[in-house]
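**Student:** One structure coming up, written as structure tokens, with questions to follow.
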Amino acid sequence: GENVEQHPSTLSVQEGDSAVIKCTYSDSASNYFPWYKQELGKRPQLIIDIRSNVGEKKDQRIAVTLNKTAKHFSLHITETQPEDSAVYFCAASDSGGYQKVTFGTGTKLQVIP
Amino acid sequence: GEEVAQTPKHLVRGEGQKAKLYCAPIKGHSYVFWYQQVLKNEFKFLISFQNENVFDETGMPKERFSAKCLPNSPCSLEIQATKLEDSAVYFCASSQSLDNSPLHFGNGTRLTVT
Numbered sequence: 049g050e051n052v053e054q055h056p057s058t059l060s061v062q063e064g065d066s067a068v069i070k071c072t073y074s075d076s077a078s079n080y081f082p083w084y085k086q087e088l089g090k091r092p093q094l095i096i097d098i099r100s101n102v103g104e105k106k107d108q109r110i111a112v113t114l115n116k117t118a119k120h121f122s123l124h125i126t127e128t129q130p131e132d133s134a135v136y137f138c139a140a141s142d143s144g145g146y147q148k149v150t151f152g153t154g155t156k157l158q159v160i161p
Numbered sequence: 465g466e467e468v469a470q471t472p473k474h475l476v477r478g479e480g481q482k483a484k485l486y487c488a489p490i491k492g493h494s495y496v497f498w499y500q501q502v503l504k505n506e507f508k509f510l511i512s513f514q515n516e517n518v519f520d521e522t523g524m525p526k527e528r529f530s531a532k533c534l535p536n537s538p539c540s541l542e543i544q545a546t547k548l549e550d551s552a553v554y555f556c557a558s559s560q561s562l563d564n565s566p567l568h569f570g571n572g573t574r575l576t577v578t
């Protein structure tokens, strides 16, 4: 089955700096890579996703890159703000007839004002 | 509805008691997923449904866990004879299709087994 590794587990940045979270996956059949943000005590919410036919996707301060050959993908947050503080999860999904989303272990991002 | 609705928000059970959690997916979503999130934040996949049919149950500890999605009723996850290690937040999520649609999560049910 799919295995998703995520690094770092914790990340502290100064407000205004950039944050980068990296994930690797094992199953070459995976073709959908969502990122979720989970604030303390709340539900995970999708912030951006990328499909395997695209190498990069950007939405305002958030961007995701995908390297299918190396089987890794990354989340980039620019101009970080205190409200970006949360736990971020990467995930990988293979369709192949059905969707099973495998999550990374999470990165706790702290943005220091 | 427009959100995945999970009830109850909190559930406390003594070890050995039964726990039952409920989930109403977003209207029009055919797929329902249950995940268990323990203290280390990791999401463990439990089971998924396509409408009322079990789609993938590879994550279910079958001896004590069961789940159903019946027509015109909320989906349910039941744990018989709870153990301390079942303490976790249980998230339900729904998606519209299998075409890599995003998962929409409910707010979770925090189960505490004492």
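Same order as they appear, the protein sequences are chains A and B.
Residues 49 to 161, numbered by our numbering, are exactly what the first sequence covers, in order.
Residues 465 to 578, numbered by our numbering, are exactly what the second sequence covers, in order.
Ideal Cβ placement from N, Cα and C applies to all residues, glycine included.
Between the Cα of B:S558 and those of B:Q544, B:K482, B:Y495, spot the shortest distance and give me the residue it belongs to.
**Tutor:** Measuring from the Cα of B:S558, the nearest candidate turns out to be B:Y495.
**Student:** Beta strand (DSSP E) containing B:T576: first to last residue?
**Tutor:** 573-577
**Student:** Taking the DSSP output, what are the residues bridged to A:D97?
**Tutor:** A:P82
**Student:** For the region 497-559 of chain B, list the beta strand (DSSP E) runs that are entirely contained and at least 3 residues long, ordered along the chain.
**Tutor:** 507-514, 517-520, 529-532, 539-543, 552-559
**Student:** Counting only beta-carbon atoms, is A:D97 nearer than 8 Å to chain B?
**Tutor:** yes
**Student:** State the beta-bridge partners of A:A77 as determined by DSSP.
**Tutor:** Looking at the DSSP assignment, A:A77 forms no beta bridge with any residue, so it has no partner.
**Student:** What does the Cβ neighbour count give for B:H568, buried or exposed, with the cut at 16 atoms within 10 Å?
**Tutor:** buried
**Student:** Counting only Cβ pairs nearer than 8 Å, list the residues of chain A close to B:E506.
**Tutor:** F151, T153, G154
**Student:** May I have the straight-line CA-CA distance separating A:E104 from B:K547, to the nearest angstrom?
**Tutor:** 44 Å
**Student:** Short of 6 Å in beta carbon distance, which residues of its chain neighbour A:T150, apart from the five on each side in sequence? Order them along the chain.
**Tutor:** E50, V52, A140
**Student:** Is it buried or exposed for B:G478, if we count other Cβ within 10 angstroms and need 16 for buried?
**Tutor:** exposed
**Student:** If you draw a straight line from the alpha carbon of A:G145 to that of A:T128, how long is it in whole angstroms?
**Tutor:** Note that A:G145 scores 48 on pLDDT, short of 50, meaning its location in the model is unreliable; the coordinates nonetheless yield the value given after this. About 38 Å.
**Student:** What does the alpha-carbon distance come out to for the pair B:P538 and A:Q86?
**Tutor:** 24 Å
**Student:** Put A:D142 into one of helix, strand or coil per three-state DSSP.
**Tutor:** strand
**Student:** For the beta strand (DSSP E) holding A:A111, just list the boundary residues, first then last.
**Tutor:** 110-115
**Student:** Looking at the C-beta of B:F569, does it have a partner C-beta in chain A at a distance below 8 Å?
**Tutor:** yes
**Student:** I'd like to check one pair, B:F507 with B:F513: are the Cβ atoms closer than 8 Å?
**Tutor:** no
**Student:** Straight-line CA distance for B:A469 to B:T573?
**Tutor:** 10 Å
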